[in-house]
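Engineer:
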Amino acid sequence: MKELQPINQNVLLELSEDTAEQKTAAGIIIPDSAQEKQEVAKVVAVSNIENAEIAPGDQVLYKKFSGTEIDFEGKKYLLVPYVDILSKVVETESI
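Sequential numbering of the sequence shown, starting at 1, is according to the UniProt record's numbering.
Next up, the structure:
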């Protein structure tokens with residue numbers, strides 16, 4: 001079995017595949033290349049970073065246009081520098 005292990009202060013994110021076709025109000029289909037990319041992803045692995053604030057399984061928000069997209073064993077991943085992680089998505093209780 002093969003797996004990707006990030007090094008050099010990088011984080012491996014799993015990109016969800018949103019295969020829903022997007023259309024404008026007039027019914028024009030927007031191609032994948034013109035759609036805005038989602039900037040929230042699931043952390044798969046973190047390189048050896050001291051006091052990392054994220055862990056595998058966390059949902060994070062990352063900088064737009066950051067990282068390198070990778071297709072590995074049929075899944076899409078994004079390898080981003082740790083400093084490009086902007087925030088962790090956490091659930092809170094409503095009052």
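Cβ atoms here follow ideal geometry from the backbone N, Cα and C, with glycine treated the same way.
Distance check for L12 and Y77, CA to CA, integer angstroms please.
Structural biologist: The residue given as residue 77 occupies position 77 in the sequence shown. The residue given as residue 12 occupies position 12 in the sequence shown. Answer to the nearest angstrom: the Cα atoms are 7 Å apart.
Engineer: Hey, Q9 and I49: beta-carbon distance below 8 Å or not?
Structural biologist: One-based indexing of the sequence shown puts residue 9 at position 9. One-based indexing of the sequence shown puts residue 49 at position 49. The answer is yes: Cβ separation under 8 Å.
Engineer: Within the same chain, show all residues whose beta-carbon is closer than 8 Å to that of V44, passing over the 5 residues directly before and after it, in chain order.
Structural biologist: Taking the sequence shown and counting its residues from 1, one reaches residue 44 at position 44. Excluding sequence neighbours, V44 sits near L4, L12, L13, E14, P56, Y77.
Engineer: Quick check on D58: does DSSP put it in helix, strand or coil?
Structural biologist: Taking the sequence shown and counting its residues from 1, one reaches residue 58 at position 58. The answer is coil: DSSP assigns D58 none of H, G, I, E or B.
Engineer: Rounded to a whole number of angstroms, what is the C-alpha to C-alpha distance between L86 and I28?
Structural biologist: Position 86 of the sequence shown, counting from 1, holds the residue named residue 86. Position 28 of the sequence shown, counting from 1, holds the residue named residue 28. Roughly 33 Å between the two C-alpha positions.
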